[in-house]
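Residue numbers (my numbering): 4 to 275.
#1: Exposed or buried, what is residue 144 when buried is set at 16 or more other beta-carbons lying within 10 Å of its beta-carbon?
#2: May I ask you to report which of helix, strand or coil DSSP gives residue 57?
#3: Quick one: what does DSSP say residue 35 is sitting in, helix, strand or coil?
#4: Out of 238, 178, 264 and 169, point me to the one whose CA is closest to residue 64's CA.
#5: Rounding to the nearest angstrom, what Cα-Cα distance links residue 69 and residue 189 in this structure?
#6: Between residue 148 and residue 83, is the Cβ-Cβ spacing less than 8 Å?
#7: Using only alpha-carbon positions, find the residue among 262, 38, 269 and 91 that is nearest to residue 155.
#8: List the whole-angstrom C-beta distance separating residue 215 from residue 132, where the pair is believed to meet the contact cut-off of C-beta under 8 Å.
#9: Report the rounded CA-to-CA distance for residue 38 versus residue 56, giving the unit in angstroms.
#10: From residue 20 to residue 29, what does the alpha carbon distance come to, in whole angstroms?
#11: Less than 8 Å between the beta carbons of residue 53 and residue 234, yes or no?
#12: For residue 231, which residues of its own chain have a beta-carbon under 7 Å away from its beta-carbon, when the five flanking residues on both sides are left out?
#13: Using the Cα positions of residue 134 and residue 201, report the straight-line distance between them to the nearest angstrom.
#14: Between the C-alpha atoms of residue 125 and residue 146, what's the straight-line distance to the nearest angstrom?
#15: Could you tell me which residues DSSP pairs with residue 159 in its beta bridges?
#16: Let me know the secondary structure DSSP gives residue 95 once reduced to three states.
#17: For the alpha helix (DSSP H) holding residue 205, just list the boundary residues, first then last.
#18: Can you tell me which of 47, 71 and 22 puts its alpha carbon nearest to the alpha carbon of residue 197?
#19: Based on the DSSP secondary-structure assignment, which residues constitute the bridge partners of residue 46?
#20: Do you know offhand how far residue 66's Cα is from residue 265's?
#21: Please work out which residues of its chain come closer than 8 Å, Cβ to Cβ, to residue 203, disregarding the five sequence neighbours upstream and downstream, and give them in chain order.
#22: Can you give me the Cβ contacts of residue 213 inside the same chain, cut-off strictly under 6 Å, excluding the 5 residues immediately before and after it?
#23: How close, in whole Å, do the beta carbons of residue 73 and residue 137 come, if the pair is a contact with beta carbons under 8 Å?
#24: Specify the secondary structure class of residue 216 as computed by DSSP and reduced to three states.
#25: On the three-state DSSP scale, how would you describe residue 171?
#26: Could you work out which residue in 35, 217 and 8 is closest to residue 48 when comparing CA atoms only?
#27: With a threshold of 6 Å on Cβ separation, who are the neighbours of residue 109 within its own chain once the five nearest residues in sequence on each side are excluded?
#28: Please list, in chain order, all residues of the same chain as residue 51 whose beta carbon is under 7 Å from its beta carbon, the five residues on each side excluded.
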């Protein structure tokens, strides 16, 4: 095994410090007794209690989760359908325009996307609120789902579907019973990616949200403009904790599945 040089170790250490040291400082100061976030005055968890009793942040968090769930679900359905058309339909009239319209939000600046959707909703006389944010997030996250699912469909063996059709399945049954379970990891990955993009979005939501709908990034941004409060540190720490638990849990599940698959392959090899 090749030994790491001091240069590589130093570069790796500085890189991780640059990425994670600010998060560590934020977590430490979320337990600060003082209201001044840069002055340490002792250990306290009161700001977590203040956060949990802050109705504005809780309402914004609920709106964010609702928007993320609805938009990611719609984006997954539409993105999967678009991926099937792009991979299975071959060349057809308007294919270039169709693919360009799907992938345009991926390279389009979010300011332009948000402004164009705002003008669309105003011209249609649509009241801005939760549903307009859902439609906006579906628009720009659908392309990411389409890319993820397309990469899986390209390597899909269509003879499996043909066998199901020969055995009497309808096209819909073949898709539901054969194709969908095989591409399910890609579909789930696309849903999670769309969910994450919706949770993180600030620019597009700022354009398409109304006075009755405020997402958590919008609430954090408006609060930070007046100065960073300890409640923001507590909220950020909880978000980091949730993400960390999710990543560690997903890694453990994946590792367990790999170990189980290897055991099954070893058992099958012994029987053979």
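C-beta atoms are modelled at their ideal positions from N, C-alpha and C, and glycine is treated no differently. Small disclaimer: the values here were computed from a predicted structure and weren't measured.
To lay it out plainly:
#1: Indexing the chain shown from 1 puts residue 144 at position 141. Buried is the call here.
#2: Stepping through the chain shown from its first residue, residue 57 is reached at position 54. Coil at residue 57, not helix or strand.
#3: Looking up residue 35 in the chain shown gives position 32. In the three-state reduction of the DSSP assignment, residue 35 falls in the strand class.
#4: Counted from its first residue, the chain shown places residue 64 at position 61. Per the Cα distances, 238.
#5: The residue given as residue 69 occupies position 66 in the chain shown. The residue given as residue 189 occupies position 186 in the chain shown. Rounded to whole angstroms, residue 69 to residue 189 spans 23 Å at the Cα level.
#6: Here the question's residue 148 lines up with position 145 in the chain shown. Here the question's residue 83 lines up with position 80 in the chain shown. Taking 8 Å as the Cβ cut-off, residue 148 and residue 83 qualify as a contacting pair.
#7: Against the chain shown, residue 155 aligns to sequence position 152. Closest by alpha carbon: 91.
#8: Residue numbering aside, residue 215 sits at position 212 when the chain shown is read from its first letter. Residue numbering aside, residue 132 sits at position 129 when the chain shown is read from its first letter. Correct: roughly 5 Å between the Cβ atoms.
#9: The residue given as residue 38 occupies position 35 in the chain shown. The residue given as residue 56 occupies position 53 in the chain shown. A straight line joining the alpha-carbon of residue 38 with that of residue 56 spans about 17 Å.
#10: What you label residue 20 is simply residue 17 of the chain shown in a count that begins at 1. What you label residue 29 is simply residue 26 of the chain shown in a count that begins at 1. One C-alpha to the other measures close to 13 Å.
#11: By one-based count along the chain shown, residue 53 stands at place 50. By one-based count along the chain shown, residue 234 stands at place 231. Against a cut-off of 8 Å, the Cβ pair of residue 234 and residue 53 comes out as a contact.
#12: For the purposes of this step, residue 231 is identified with residue 228 of the chain shown, where counting begins at 1. Excluding five sequence positions before and after residue 231, the CB atoms of its chain that fall closer than 7 Å to its own CB belong to 40, given in chain order.
#13: The residue labelled residue 134 in the question sits at position 131 within the chain shown. The residue labelled residue 201 in the question sits at position 198 within the chain shown. Cα to Cα, the separation comes out at about 13 Å.
#14: For the purposes of this step, residue 125 is taken as the residue at position 122 of the chain shown. For the purposes of this step, residue 146 is taken as the residue at position 143 of the chain shown. Rounded to whole angstroms, residue 125 and residue 146 show a C-alpha spacing of 24 Å.
#15: Against the chain shown, residue 159 aligns to sequence position 156. DSSP lists no partner for residue 159.
#16: Translated into positions along the chain shown, residue 95 becomes position 92. Here residue 95 sits in coil by DSSP.
#17: The sequence position of residue 205 within the chain shown is 202, counting from 1. Following the DSSP letters along the chain, one finds residue 205 in no alpha helix (DSSP H), marked with neither H nor E.
#18: On the chain shown, position 194 is the one that residue 197 refers to. Taking only the C-alpha atoms, the option nearest residue 197 is 71.
#19: Here residue 46 is taken as the residue at index 43 of the chain shown, counted from 1. Looking at the DSSP assignment, residue 46 forms a beta bridge with 35.
#20: Here residue 66 refers to the residue found at position 63 when the chain shown is read from its first residue. Here residue 265 refers to the residue found at position 262 when the chain shown is read from its first residue. Put simply, the backbone Cα of residue 66 is about 43 Å away from that of residue 265.
#21: Here residue 203 refers to the residue found at position 200 when the chain shown is read from its first residue. So the list reads 220, once near-sequence residues are dropped.
#22: By 1-based counting over the chain shown, the position of residue 213 is 210. Within the same chain, residue 213 has close Cβ partners 131 and 132.
#23: One-based indexing of the chain shown puts residue 73 at position 70. One-based indexing of the chain shown puts residue 137 at position 134. Yes, residue 73 and residue 137 are in contact; Cβ-Cβ is about 5 Å, under 8 Å.
#24: As a position in the chain shown, residue 216 is number 213, starting the count at 1. Coil at residue 216, not helix or strand.
#25: Looking up residue 171 in the chain shown gives position 168. Residue 171 sits in coil when the DSSP states are folded into three classes, being neither helix nor strand.
#26: Translated into positions along the chain shown, residue 48 becomes position 45. Answer by Cα proximity: 35.
#27: Sequence index remark: in the chain shown, residue 109 carries index 106 (1-based). Within the same chain, residue 109 has close Cβ partners 146.
#28: Residue numbering aside, residue 51 sits at position 48 when the chain shown is read from its first letter. The beta carbon of residue 51 sits closer than 7 Å to the beta carbons of 237 from its chain, once the five residues preceding and following it are set aside; these are given in chain order.
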